[in-house]
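The listed protein sequences derive, respectively, from chains A and B. According to my numbering, the first sequence is numbered sequentially starting from 335. According to my numbering, the second sequence is numbered sequentially starting from 335. Structure first, commentary second.
Number of protein chains: 2
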Amino acid sequence: MPPPPSVRSFASTTEVVSPGASSVRTTAAAAARNAPSSVPSKLRKAITLESMNQHLRKADYAVRGRLAIRAEELREKLKEKNHKLPFVEVVNANIGNPQAMDQQPITFFRQVLALVQYPALLESEAAATIFPIDARERASVLLQEIGSVGAYSQSQGVPYIRQSIANFIAARDGFSADPGDIYLAGGASSAVSSLMTTICNGPKTGVLIPVPQYPLYSATLTIENATAVPYLLDESTGWGTDTAYIASVVRQTIASGVALKAMVVINPCNPTGSSLTAAKIKDIISLAAEYCFMILADEVYQTNIYEGEFLSFKRMLRELQRDFPGKYDSVELASLHSTSKGMVGECGQRGGYLELVGFDPEVREELYKLISISLCPVVTGQVLTELMVNPPKEGDESYPLYKKEYDTIYTALRERAMTLFDAFKEMEGVRCQEPKGAMYLFPTITLPAKAIQEAQRLNEEPDEFYCLQLLESTGVCVVPGSGFGQKDGTFHFRTTFLAPGKEYVDRMLAFHKEFLEKFS
Amino acid sequence: MPPPPSVRSFASTTEVVSPGASSVRTTAAAAARNAPSSVPSKLRKAITLESMNQHLRKADYAVRGRLAIRAEELREKLKEKNHKLPFVEVVNANIGNPQAMDQQPITFFRQVLALVQYPALLESEAAATIFPIDARERASVLLQEIGSVGAYSQSQGVPYIRQSIANFIAARDGFSADPGDIYLAGGASSAVSSLMTTICNGPKTGVLIPVPQYPLYSATLTIENATAVPYLLDESTGWGTDTAYIASVVRQTIASGVALKAMVVINPCNPTGSSLTAAKIKDIISLAAEYCFMILADEVYQTNIYEGEFLSFKRMLRELQRDFPGKYDSVELASLHSTSKGMVGECGQRGGYLELVGFDPEVREELYKLISISLCPVVTGQVLTELMVNPPKEGDESYPLYKKEYDTIYTALRERAMTLFDAFKEMEGVRCQEPKGAMYLFPTITLPAKAIQEAQRLNEEPDEFYCLQLLESTGVCVVPGSGFGQKDGTFHFRTTFLAPGKEYVDRMLAFHKEFLEKFS
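Take a look at the structure:
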């Protein structure tokens with residue numbers, strides 16, 4: 335029978351039986367009589383590894399995996415008096431978490447956030463001596479638009495904030511942007527997850543992902559039971575994209591019967607730290623137009639650029655649409671930005687947004703339904719996103735301090751990147767691309783045969799073995815290349831360059847020397 | 335061939351081809367030659383209603399559905415000079431969003447949140463005159479434990495905050511709680527979504543959900559492609575649970591070959607406003623032990639109690655385990671709490687937690703992996719959760735104001751509930767349970783045959799038709815019972831009782847009278 339209207343929205347339902355249908359008061363005995371012989375024993379669990387979501391079981395997420403867990407254990411051990419560890423601090427170079435290192439928040443951002451949390455400060459004369467006028471004015475404007483940061487906003491985000499983001503994109507790209515295309519999110523990760531849930535329709539859905547890649551993408555596709563179609567980045571050209579090669583992967587995929595729906599591009603790249611040229615970006619957009627797949631441009635590192643300027647996929651698409659009328663109108667682009675990276679570095683505040691271009695309006699309605707189920711992204715994270723895209727301008731009271739703080743962070747990141755890069759140049763068998771963007775270095779390591787054998791004996795990936803040894807002897811936690819994917823037979827690790835000082839770098843240098851001696 | 339190690343973690347992948355495999359520089363022409371004849375036309379989209387996630391398409395979420403969208407349109411229209419609408423304000427009684435009405439945040443909570451956002455205030459003498467000593471002390475303690483609210487925390491949440499939550503649960507229930515069992519979340523909705531993703535393994539996974547229910551559950555199960563097994567609440571006993579009947583549904587489900595994995599119980603209940611007795615809760619736990627399914631206890635309304643005291647599933651389980659040694663050891667319980675409801679009402683701050691009891695440790699590791707992919711819940715939401723469970727105590731500087739604000743909100747909610755309840759008593763053909771808990775009333779409406787025919791003509795659910803008419807003539811937005819599920823042939827709507835004043839209630843009274851006259 336068809337399910338009754340009251341439950342028509344369920345995926346599939348059993349018949350609704352009305353109360354009173356069973357008039358016998360149930361008892362353990364009665365239940366046992368009526369229940370099938372498979373009634374479980376007292377110790378059996380309903381949710382087991384075997385009965386749970388098998389796609390989730392298959393998913394890997396190395397960034398907070400085995401090494402991160404061991405690093406936490408070592409951090410606890412350091413608190414013991416006689417810990418006997420050969421280091422005094424654990425350095426979490428496994429995750430881009432700037433404020434867990436010594437990166438300070440931008441004062442203006444935190445002042446406005448404090449004011450929207452406690453608006454009474456706007457009426458306080460004492461507070462007027464603490465908060466600059468532009469911070470107080472911004473807080474007033476935002477409160478007028480938002481009401482309370484304790485109220486749900488529209489699921490897509492506060493309209494005023496979406497307009498502010500559209501203005502930022504227009505200024506960045508030189509092409510207008512529509513606030514209706516902006517979706518605020520609780521960090522870029524949650525935007526990716528919503529988008530993937532919307533586009534994935536089982537194993538026949540193919541999504542191109544770079545190798546190496548940030549494992550958020552492989553993990554999300556695994557959970558969605560979609561097909562990840564890896565395309566290798568070319569280490570020999572500074573981790574660039576090889577368009578002819580990608581085109582061949584695309585053709586192979588289409589020929590294999592997988593419906594290629596999207597391509598993930600991370601630019602500037604996590605984990606490689608590389609950054610794409612205009613020509614490379616336009617090549618990718620041309621492929622997307624040719625073969626009809628959506629581009630997911632992860633651009634959360636757009637201000638972490640240490641060479642050249644950032645070029646957004648949106649801008650490159652608009653240029654192509656301008657220069658070749660009609661040819662690129664169908665292209666679907668989703669681009670991501672976040673308050674967690676760049677000079678903002680406010681990971682814990684969970685701010686970010688998604689811009690959708692060229693999407694089918696009916697599909698957007700379905701995405702809207704999905705995000706509305708979780709009601710709205712955290713409103714203070716939305717406020718921080720507004721502050722990121724609309725910071726103090728020259729002439730504003732807060733501008734000089736903002737500029738100073740911003741430049742100091744930028745310079746520190748660049749210097750730290752070079753310190754680590756220079757150290758890698760000294761390491762035997764280690765090769766690394768010059769830092770161009772993002773927060774990471776992704777060196778190749780040539781491991782001695784003996785080390786590879788030892789890893790196999792321990793049933794570990796060779797680079798995982800190397801990283802575990804590094805952690806145990808230096809307290810420095812990095813992520814093995816195998817956690818991001820890499821060309822077979824090559825080994826890498828990803829390290830952030832957020833940690834201050836050179837002391838931990840020297841520990842890495844000493845370890846590497848000993849490691850090679852031990853296993854050669 | 336098996337996928338290479340570099341991509342072993344993907345659900346399924348195509349072979350990794352290396353750069354250079356295709357040496358021909360691709361051109362549109364070459365691509366067209368090589369591509370299958372199905373190469374899409376310029377106007378074709380990659381993501382369409384037909385190609386996207388079909389489970390998401392099937393999902394319904396009425397709380398922010400058609401009525402909410404129309405309400406937004408009307409709110410915009412009110413801004414026009416000659417809008418000619420028969421009302422001057424839109425009342426969003428469709429969603430429990432207290433601070434979008436006139437509910438004020440608790441001062442102490444916002445003071446501490448402002449201080450953790452801008453710690454410089456702790457050093458400012460001027461600020462010392464604004465912030466009470468206990469707010470400054472709490473902020474200092476939290477900052478010591480957290481570092482910066484701009485840093486990622488542990489994926490499960492800040493250890494200190496989990497300990498604070500465990501202390502609260504122990505004091506509430508009289509049984510100890512383990513901080514290791516607590517998972518902070520960005521609102522209860524995201525906790526539900528993570529848990530459902532973990533336990534659902536396709537259509538053979540059955541989850542009991544109440545009818546009527548908060549559509550988060552049906553929508554999430556639909557997206558997960560699991561089987562929702564509805565059990566009707568019994569309106570004739572104040573929307574109580576009929577244990578014998580539920581047992582028969584359980585036996586039917588097991589007999590039908592669906593693996594019954596979990597039961598959702600919302601207590602106090604959204605949308606019905608009812609609240610379960612100790613006996614009813616223990617009956618449900620007994621069924622769970624007997625038939626081996628997990629209980630998901632949605633207890634976000636645990637302080638919205640207007641009659642009797644709140645009894646948690648955790649406490650009832652611990653009592654059963656104490657009174658019947660061994661018999662209930664296997665029971666798996668997940669209970670939810672949130673900062674969005676109760677006297678806190680901070681929906682936009684996205685705070686809440688999940689407590690897991692009796693879960694398989696390996697399954698918990700998989701859940702941990704899932705939540706670690708989205709890194710961590712917003713840290714300020716975690717801070718607010720700590721403040722909710724550990725508010726000012728008698729003798730603290732902030733206690734008198736906290737107590738006054740808390741009691742004022744509680745009294746206002748209770749009075750508003752009664753105002754609306756009394757109005758429903760005056761409405762012909764409307765019956766409603768006395769408000770006992772939560773933020774909602776869920777009256778039955780008897781609709782005239784003519785109104786039902788008109789609804790069918792417009793292809794609307796009869797109660798949807800009623801609610802749309804109500805919105806158009808009064809500006810009051812409620813949610814039709816069909817959005818929550820209801821016994822066939824019965825009609826309801828859900829309204830919050832958060833709106834201040836009686837004026838909107840009078841508009842509803844007048845509308846109802848006219849509606850009946852029009853269609854009788």
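All C-beta atoms, glycine included, are put in the ideal place defined by N, C-alpha and C.
Run through DSSP, which three-state label would residue i get?
| i | result |
| --- | --- |
| F853/B | helix |
| T778/B | strand |
| I600/A | strand |
| C681/A | helix |
| K595/B | strand |
| G835/A | coil |
| L843/B | helix |
| Y565/B | strand |
| G514/B | helix |
| S574/B | Rather than Ser, the amino acid found at residue 574/B in this sequence is Gly. G574/B: strand per DSSP, three-state reduction. |
| N724/A | coil |
| Y687/B | strand |
| A785/B | helix |
| L701/B | helix |
| D632/A | strand |
| N387/A | coil |
| S674/A | coil |
| A668/B | strand |
| G729/B | coil |
| S372/A | Its pLDDT being 45, under 50, S372/A is placed unreliably in this model, and the value from its coordinates should be taken loosely. Residue state, collapsed to three classes: coil. |
| P544/B | strand |
| N559/B | coil |
| G715/B | helix |
| T539/A | strand |
| V358/A | Unreliable placement is indicated for V358/A, whose pLDDT of 30 sits below 50; the coordinate value is still reported in the next sentence. V358/A: coil per DSSP, three-state reduction. |
Kindly give me the distance between the Cβ atoms of residue i and residue j, rounded to whole angstroms, as I take these residues to be in contact under 8 Å.
| i | j | result |
| --- | --- | --- |
| A380/B | A485/A | Contact doesn't hold; Cβ gap of about 36 Å is too wide. |
| V712/B | V712/A | 4 Å |
| E700/B | R391/A | 6 Å |
| C766/B | P777/B | 4 Å |
| V483/B | Q451/B | 6 Å |
| V895/B | L542/B | The structure shown has nothing for residue 895/B, since chain B only spans 335 to 854. |
Legend entry - 4-residue-minimum alpha helix (DSSP H) runs that sit fully inside the region 793-831 of chain A, ordered along the chain: 796-808
Inset, instruction - Count the C-beta pairs between the region 654-673 of chain B and the region 709-723 of chain B that are closer than 8 Å, then say yes if the count reaches three, no if not. - result: yes
Inset, instruction - Decide yes or no for the touch test of the region 798-813 of chain A against the region 721-728 of chain A: beta carbon pairs closer than 8 Å, at least 3 of them. - result: no
Legend entry - Residues, ordered as in the chain, of the region 814-846 of chain A that lie near chain B by beta-carbon distance below 8 Å: Residues S816, G819, Q820, K821, D822.
Inset, instruction - Please list the residues of the region 746-761 of chain B that have a C-beta atom closer than 9 Å to any C-beta atom in chain A, keeping them in chain order. - result: none
Inset, instruction - Note down, in chain order, all residues in the region 684-702 of chain B with a beta-carbon under 8 Å from any beta-carbon belonging to chain A. - result: R684, G692, F693, D694, E696, V697, E700
Legend entry - Positions along the region 528-539 of chain A whose CB lies within less than 7 Å of some CB in chain B: So the list reads T531, T532, I533, C534, N535, P537, given in the order they occur along the chain.
Inset, instruction - Determine which residues of the region 713-725 of chain B have a Cβ less than 8 Å from any Cβ of chain A, and write them out in chain order. - result: V713, T714, G715
Legend entry - Residues from the region 662-683 of chain B in contact with chain A, defined by Cβ distance under 7 Å: D663, S664, E666, G679, E680, C681, G682, Q683
Legend entry - Residues of the region 626-657 of chain B with Cβ closer than 9 Å to any Cβ of chain A, in chain order: C626, F627, M628
Inset, instruction - Could you please tell me which residues of the region 375-390 of chain A, in chain order, have their CB closer than 7 Å to any CB of chain B? - result: Within the region 375-390 of chain A, the residues whose Cβ lies closer than 7 Å to some Cβ of chain B are K376, L377, R378, K379, A380, I381, T382, L383, S385, M386, N387, Q388, H389, L390, listed in chain order.
Inset, instruction - Could you run through the region 778-799 of chain A and flag, in chain order, every residue whose CB is less than 9 Å away from some CB of chain B? - result: E795
Legend entry - At least three beta-carbon pairs within less than 8 Å, the region 560-580 of chain B to the region 748-760 of chain B: no
Legend entry - Residues from the region 473-492 of chain B in contact with chain A, defined by Cβ distance under 9 Å: Of all residues in the region 473-492 of chain B, I480, G481, S482, V483, G484, A485, Y486, S487, Q488, S489 have a Cβ within less than 9 Å of some Cβ in chain A.
Legend entry - Inter-stretch contact (C-beta, 8 Å, three-pair minimum) for the region 756-771 of chain A and the region 832-844 of chain A: yes
Legend entry - Contact set between the region 491-520 of chain A and chain B, restricted to residues whose Cβ is under 9 Å from the partner: G520
Inset, instruction - May I ask you to verify whether the region 674-692 of chain A touches the region 519-536 of chain A, counting CB pairs closer than 8 Å and requiring at least 3? - result: yes
Inset, instruction - Check whether the region 452-467 of chain B touches the region 457-470 of chain A, counting contact only when three or more Cβ pairs, one atom from each stretch, lie closer than 8 Å. - result: yes
Inset, instruction - Evaluate contact between the region 594-613 of chain B and the region 644-652 of chain B, counting only Cβ atoms and requiring at least three cross-stretch pairs below 8 Å. - result: yes
Legend entry - Contact residues within the region 436-448 of chain B, judged by C-beta distance below 7 Å to chain A: P439, R444, Q445, L447, A448
Legend entry - Touching by the beta-carbon criterion (3+ pairs, under 8 Å), the region 782-796 of chain A and the region 617-628 of chain A: no
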